[in-house]
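Asker: First the structure, which I've put down as structure tokens, then a few questions once you've had a look.
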Amino acid sequence: MRFAMTNQNTTGEATAFELDPPRFENGKAMLIAGLRGHFTTATWSGIPALWQRLVTYRHIPGKIGSAYYGLCFKVPDGIDYLCGVEVPGTAELPEEFNHVSIPAQTYAVFAHRDHVSKLRNTMEAIEQNWFPRSGYKIARPPRGAPNFFERYGAGFDPRSGIGDIEVWIPVKP
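Here my numbering = 1-based position in the sequence shown + 240.
Here you go:
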């Protein structure tokens with residue numbers, strides 16, 4: 241069953257958005273390392289620049305797999321955001337890299353089928369439509385872990401901003 245919702249875009253027009261039902265995954269523990277920044281509604285547009293800085297690192301020591309991750313930490317005045325990759329340890333990482341441990345936990349995994357700049361639509365559909373009807377609650381993250389993360393798989397095309405994007409949200413019944 242797809243979930244439909246109506247949003248208002250920046251010009252106040254109503255726009256329709258559909259959300260595929262999630263799959264559930266028992267996510268493994270991971271160590272993610274990369275660049276971290278603080279963003280508010282006013283500075284949200286700075287997130288792509290963080291990603292652009294990350295891709296200047298042609299070789300990240302010990303990088304595991306081909307996926308990239310966008311970790312979101314909700315803070316009172318916005319979000320902290322870390323873009324990075326999975327690594328086995330921190331010993332050889334560049335000095336400006338931060339690292340975060342994500343514990344093994346259960347996730348609702350949502351496909352994002354639109355342009356990366358429209359991730360907010362997927363998040364709003366999940367929070368406003370899926371969670372209230374699902375019987376699940378968002379699992380509170382352990383200290384230092386993200387509230388949720390974006391996973392950019394091998395099929396993601398950074399030039400077009402489309403393909404193989406998922407939102408992973410820790411859940412509990």
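For each residue, glycine too, the CB sits at the ideal point set by N, CA and C.
Heavy atom of the ligand HEM less than 7 angstroms from the Cβ of H299, yes or no?
Answerer: The ligand content of the structure shown is nil, which means the ligand HEM is not present either.
Asker: Whole angstroms is fine: what's the gap from E332's alpha carbon to E258's?
Answerer: 43 angstroms
Asker: Is the beta carbon of V340 less than 8 angstroms from the beta carbon of I405?
Answerer: no
Asker: Between the alpha carbons of P414 and M363, how many angstroms are there, rounded?
Answerer: Within the shown structure, residues of the chain are numbered from 241 to 413, placing residue 414 beyond reach of any answer.
Asker: Only counting the same chain, and skipping five residues up and downstream in sequence, which positions put a Cβ closer than 7 angstroms to that of P413?
Answerer: Excluding sequence neighbours, P413 sits near G375, Y376.
Asker: Would you call A379 buried or exposed, if buried means 16 or more other Cβ atoms sit within 10 Å of its Cβ?
Answerer: Its Cβ being crowded by 16 or more others within 10 Å, A379 is buried.
Asker: Ignore the nearest five residues each way along the sequence and tell me which others in M241's own chain have a CB closer than 8 angstroms to its CB.
Answerer: Only weak support is given to the placement of M241: the predicted model assigns it a pLDDT of 44, under 50, and the question is left unresolved by the model.
Asker: Helix, strand or coil: which one does DSSP assign to P410?
Answerer: Looking at P410 - three-state DSSP - the assignment turns out to be strand.
Asker: Within its chain, find whatever has a CB closer than 6 angstroms to the CB of G318; leave out the 5 residues flanking it on each side and keep chain order.
Answerer: F279, T280
Asker: Taking the alpha helix (DSSP H) that I287 falls in, what are its first and last residues?
Answerer: Its alpha helix (DSSP H) spans residues 287-294.
Asker: First and last residue of the alpha helix (DSSP H) that includes A385?
Answerer: Run containing A385: none; DSSP gives neither H nor E here.
Asker: Between the C-alpha atoms of F389 and I402, what's the straight-line distance to the nearest angstrom?
Answerer: 17 angstroms
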